[in-house]
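Numbering (the numbering used here), first residue to last: 17 to 161.
Yeah, the Cβ is synthetic: ideal placement off N, Cα and C, and Gly gets one too.
Remember, it's a predicted structure, so these values are computed and weren't measured experimentally.
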């Protein structure tokens with residue numbers, strides 16, 4: 017299995033000595049997002065930046081893996097909301113990197129379904145261990161539930 021996307025950047029007017037960081041990301045599904053670098057790196061705050069994209073990939077993958085495990089355990093989920101964060105810092109090699117991502121999912125199970133904290137923690141642990149994106153990252157991933 018493999019995945020494709022196209023990143024398209026075109027030169028456009030910008031301040032003297034600078035360049036415009038805005039670009040387009042077109043996914044293999046045909047969906048397109050407008051992107052830029054983070055504002056701290058002279059990007060456009062109104063567009064998605066690579067750090068947010070990485071965080072979104074992790075959060076989405078963890079959620080989908082969690083939902084699959086809950087489904088297999090016959091624990092129907094009514095809602096799943098994650099307020100995730102990513103922290104930039106210096107890695108062990110002294111390079112600026114995403115050094116920590118924190119997922120903070122709030123899961124509500126279907127009416128009449130009660131899941132104790134220990135079971136919830138085990139599902140999150142298993143979701144993290146089986147998430148393709150988490151398995152591809154070098155940074156710390158913390159899951160607070």
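- Under the 8 Å Cβ criterion, the stretch 68 to 80 counts as touching the stretch 145 to 157, having at least three qualifying pairs.
- DSSP places residue 129 outside both helix and strand once states are collapsed to three, so it counts as coil.
- Here the alpha carbon of residue 131 sits roughly 42 Å from the alpha carbon of residue 60.
- The stretch 30 to 38 makes no contact with the stretch 99 to 110: fewer than 3 CB pairs, one atom from each, lie closer than 8 Å.
- Residue 96 has 123 as its beta-bridge partners, per DSSP.
- Fully contained in the stretch 38 to 120 are the following beta strand (DSSP E) runs of length 3 or more, in chain order: 39 to 43, 48 to 51, 93 to 98, 101 to 106 and 112 to 119.
- In this structure, the beta-carbon distance from residue 34 to residue 63 does not fall below 8 Å.
- With a cutoff of 8 Å on beta-carbon distance, residue 126 and residue 94 are scored as near each other.
- About 7 Å separates the beta carbon of residue 155 from that of residue 113, a gap short enough to meet the 8 Å contact definition.
- Annotated three-state conformation of residue 36 is coil, per DSSP.
- Annotated three-state conformation of residue 31 is coil, per DSSP.
- Residue 107 sits exposed, since fewer than 16 C-beta atoms from the chains shown fall within 10 Å of its C-beta.
- A straight-line Cα-Cα distance of about 12 Å links residue 66 and residue 23.
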